[in-house]
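Working notes for the structure below.
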Amino acid sequence: MQLHANVLGEGTPFIILHGFLGMSDNWKTLGVRFSEHHYQVHLVDQRNHGRSFHSDDFSYELLVEDLKDYCDTNNLKHIVLLGHSMGGKTAMLFATKYPEYVSKLIVADISPRFYPVHHDAILNGLGTLDFSEIKTRGAADKALAQYVSDLGTRQFLLKNLYWVEKGQLGLRINLKSLTENVAEVGEALPVHAEFDGDTLFLRGDKSEYIALQDEGIIKTHFPTAKIITIKNAGHWLHAENPEDFYNEVMRFIS
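So that you can map any letter, position 202 of the sequence shown is 209 in my numbering, and since no number is skipped, the others follow by simple counting.
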């Protein structure tokens with residue numbers, strides 16, 4: 008099965024992978040900007056997310072093979088590959104397994120290390136949304152607020168809402184599979200995985216996803232990696248400080 012993607016512009020292939028519970032649409036504004044510089048930007052929905060196919064099976068190995076199939080089907084070689092959070096883990100593993108496909112690797116606010124499960128409240132909240140009773144986005148937000156207090160996080164999550172048919176809301180994500188497989192999201196990069204191509208790690212200065220002590224493990228797997236901090240940004244650094252994020256990516260790829 009083929010991944011869904013929104014393709015923008017013409018030129019060097021540039022693939023962007025969203026994070027857990029996100030979708031390609033989260034990257035549309037930046038994707039348009041990148042596409043204006045002779046890049047063909049592929050905003051990809053990973054399996055169980057956005058408009059891509061649903062599957063009971065979910066792991067980084069599978070996400071990597073999905074991406075390889077997408078590249079092969081679309082004859083994409085020497086790609087610029089950018090991934091945020093879960094998408095960053097997919098991008099890292101892809102680059103270490105298929106280095107001949109990747110000319111530049113950009114990882115946004117995630118380290119190769121293991122992360123414990125920390126999405127419980129979010130998944131529980133999404134699981135309680137009863138769309139036989141919830142008929143508006145406002146009602147969904149009110150119900151989710153009992154589990155997720157932060158408005159920005161709720162707005163991000165509720166981008167997954169869509170009209171299944173007239174008067175019937177649903178979620179685009181495969182919530183059942185993602186809940187059952189949530190432990191997979193925190194998995195570390197395999198011990199001996201290595202990519203020695205051009206690599207950039209971007210972290211938010213208000214985020215704890217890439218700590219100072221992670222620099223060693225990053226350099227072990229990605230010996231040429233540059234690590235740059237984006238000011239005034241947390242984990243969603245591309246949304247919180249898009250200008251600095253855009254400038255750092257453009258400086259690196261050009």
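Heads up, the beta-carbon is just placed ideally off N, CA and C, and yes, glycines get one too.
Note that this is a predicted model, so its numbers are computed, not measured.
Since residue i and residue j should fall inside the 8 Å C-beta cutoff, what is the C-beta to C-beta distance between them, to a whole number of angstroms?
i, j, result
"Asn33", "His25", "5 Å"
"Ile237", "Asp203", "That pair is no contact at about 25 Å."
"Lys166", "Met30", "7 Å"
"Asn181", "His61", "4 Å"
"Ala200", "Leu100", "7 Å"
From this set, the options, which residue's C-alpha is nearest residue i's C-alpha?
i, options, result
"Gly90", "Phe21, Arg179, Asp76", "Phe21"
"Tyr67", "Ile86, Met93, Asp76, Glu43", "Met93"
"Tyr216", "Pro230, Leu244, His199, Asp205", "Leu244"
"His45", "Ile235, Leu74, Ile86, Met99", "Ile86"
"Asn248", "Thr36, Tyr154, Lys233", "Thr36"
"His126", "Asp205, Leu28, Cys78", "Leu28"
"Trp170", "Gln47, Val48, Arg58", "Arg58"
"Val155", "Ala128, Gly134, Lys173, Phe163", "Ala128"
"Lys173", "Ser139, Gly95, Val198, His49", "Ser139"
If the criterion is Cβ atoms closer than 8 Å, does the pair residue i and residue j meet it?
i, j, result
"Phe259", "Leu207", "yes"
"Arg71", "Leu130", "A small correction: the amino acid at residue 71 is Val; Arg does not occupy that position in the sequence shown. No, these two residues do not count as a Cβ contact at 8 Å."
"His228", "Thr103", "yes"
"Asp81", "Ser184", "The sequence given here has Asn at residue 81, not Asp. No. Outside cutoff."
"Val51", "Leu10", "yes"
"Leu219", "Phe252", "no"
"Arg144", "Leu151", "no"
"Ala147", "Leu168", "yes"
"Phe121", "Glu187", "no"
"Leu112", "Asp205", "yes"
Under a Cβ-count criterion, where at least 16 other Cβ atoms within 10 Å of its own Cβ denotes burial, should residue i be classed as buried or exposed?
i, result
"Lys84", "exposed"
"Glu17", "exposed"
"Val192", "buried"
"Lys142", "exposed"
"Ser42", "buried"
"Leu15", "buried"
"Gln53", "buried"
Pairing CB atoms from the segment 106-121 with CB atoms from the segment 175-184, are three or more of them under 8 Å?
The segment 106-121 is not in contact with the segment 175-184.
Are the segment 113-132 and the segment 234-251 in contact at 8 Å, needing three or more beta carbon pairs?
Contact between the segment 113-132 and the segment 234-251 is present, because at least three Cβ pairs lie under 8 Å.
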